[in-house]
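Be aware that the sequence shown starts at 202, since it is given in our numbering, and climbs by one per residue.
For every residue, glycine included, the Cβ atom is placed at its ideal position computed from N, Cα and C.
Please read all numbers here as calculations on a predicted model, not as lab measurements.
First the structure, in the form of structure tokens, and then the observations on it.
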Amino acid sequence: MAKVDWSLLARLHRDGYSRPPAEHRITDLTAELTEMLGSPDPALRVELALELLTTWISAGVYDDLLPGLGDGIATGLMTGIGESGTDTVFRRSHSALVLAECIERDTERSLVPPNQVLNWGDRLAAWFTAERDLRSFVPEKGWANAVANGADAIGALGRSPHLRRAELTVLLEVIGERAANPLADVWSAGEADRLALASLSIMHRGIVPLDRVEAWTADLIDIARAEAPASVSGPGSPARANINAFLRALYLHLSLGRNQPPGRTDILLIVIERLRTAQPGFFGRR
């Protein structure tokens, strides 16, 4: 295989060229780009690997190869799983974004067997709930952002027609589990908004019953109220702060978002009631 001039490919991409060069086999390019997803260098990881892979997927380059590509990318979700503070998080987190693009492409074109998409969903959910490295921005290495990137992938799953009521309900539980994680720091990089948007992607399908949404938010409030609140003696539990931030983000997107889910008014009333329960000092009835 001819040596790849990655700087040339990056320049072609910036100029709007959305297909790989004919002189290189797509399988060879893909193998190298997949490895780059784990690079601690953001120029390789994001500006090259992530940009090229997602662009080629959306341009249809991988349409005939999409099932195999998704399977290969999904293996990266478990690279170094359980580690925290190491560079392996970059491979896991950015694999989630590429797999999300595979799912979105299938949603548009129906290219992957339903059971295979469901398998990708199982693997995404398993990674998302098991991920322990919750850093957002890593100095000199760029964004890890596993929570936000995972939320985007869950949102892509929520839009897939292959997931029905039972699977979508599980996705809501996965989002709740991530929001309530006791090991997290207080979110500061858009995690709450990204999780809220993922939740709305699920609700947009209009097939998760309202009583299930109500029970889901009630479970979150029960967890938040069991955690230590902020006080003069300390900042309180990160899980409590993150659940409150998530509910506020959900409220804002339900209130201001342009594309609203079926039953939006009822869902909004549920979220308002949960906010009042979670933070009576701010939102309680007077």
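Query raised in the report: Taking Cβ to Cβ, would you say residue 422 is nearer than 8 angstroms to residue 400?
Result: By the CB criterion at 8 angstroms, residue 422 and residue 400 fall outside the cutoff.
Report task. Return the bridge partner residues of residue 343 from the DSSP annotation. Result -> As computed with DSSP, residue 343 is found in a beta bridge with 339.
Requested in this report: Just tell me which of 472, 267 and 427 has its CA closest to the CA of residue 381.
Outcome: Of the candidates 472, 267 and 427, the one whose C-alpha sits nearest the C-alpha of residue 381 is 427.
Requested in this report: Hey, could you find the ends of the alpha helix (DSSP H) residue 454 is sitting in?
Outcome: Taken as a continuous stretch (DSSP letters only), the alpha helix (DSSP H) holding residue 454 covers 439 to 457.
Query - Cα-Cα separation, residue 222 to residue 300 - result: Residue 222 and residue 300 have their C-alpha atoms roughly 23 angstroms apart.
Query raised in the report: To the nearest angstrom, how far is it from the Cα of residue 458 to the Cα of residue 372?
Result: Their Cα atoms are separated by approximately 21 angstroms.
Query raised in the report: Quick one: what does DSSP say residue 358 is sitting in, helix, strand or coil?
Result: Correct three-state label for residue 358: helix.
Report task. Pull up the distance between the alpha-carbon of residue 446 and that of residue 224, whole angstroms please. Result -> In a straight line, the C-alpha of residue 446 is about 50 angstroms away from that of residue 224.
Query raised in the report: Just how far apart, CA to CA, sit residue 231 and residue 254?
Result: Rounded to the nearest angstrom, the two C-alpha atoms are 8 angstroms apart.
Query raised in the report: Do you know how far the Cα of residue 247 is from the Cα of residue 434?
Result: Any reading at residue 434 must be qualified, since the residue scores a pLDDT of 46, below 50, and its modelled position is unreliable; no value is offered.
Requested in this report: Please list the segments of the alpha helix (DSSP H) lying wholly inside the stretch 266 to 296, counting only runs of 4 or more residues, in order along the chain.
Outcome: You should have 267 to 276.
**Report entry** As assigned by DSSP and simplified to three states, the class of residue 262
**Finding:** If DSSP states are grouped into helix, strand and coil, residue 262 belongs with coil.
Query raised in the report: With residue 406 and residue 464 assumed to form a contact (beta carbons below 8 angstroms), what rounded beta-carbon distance in angstroms separates them?
Result: Incorrect: roughly 11 angstroms between the Cβ atoms, too far for contact.
Query - Coil, strand or helix - residue 389 by DSSP - result: Correct three-state label for residue 389: coil.
Query raised in the report: Is the CB-CB distance between residue 378 and residue 330 below 8 angstroms?
Result: Yes, these two residues count as a Cβ contact at 8 angstroms.
Query - Extent of the continuous alpha helix (DSSP H) run through residue 320 - result: Counting along the chain, the alpha helix (DSSP H) containing residue 320 begins and ends at 315 to 331.
Report task. For my contact list, residue 335 and residue 348 are in at a C-beta cut-off of 8 angstroms; report their separation, rounded to the angstrom. Result -> Separation of the CB atoms of residue 335 and residue 348 is rounded to 6 angstroms, and the pair is thereby assigned contact status at 8 angstroms.
Query raised in the report: Per DSSP, what kind of secondary structure is residue 252 in: helix, strand or coil?
Result: Residue 252 falls in the helix class under three-state DSSP.
Requested in this report: Work out the CA separation of residue 219 and residue 256 for me, nearest whole Å.
Outcome: In a straight line, the C-alpha of residue 256 is about 6 angstroms away from that of residue 219.
Query raised in the report: Thinking just about the alpha-carbon of each residue, which of 414, 298 and 289 is nearest to the one in residue 274?
Result: Of the candidates 414, 298 and 289, the one whose C-alpha sits nearest the C-alpha of residue 274 is 298.
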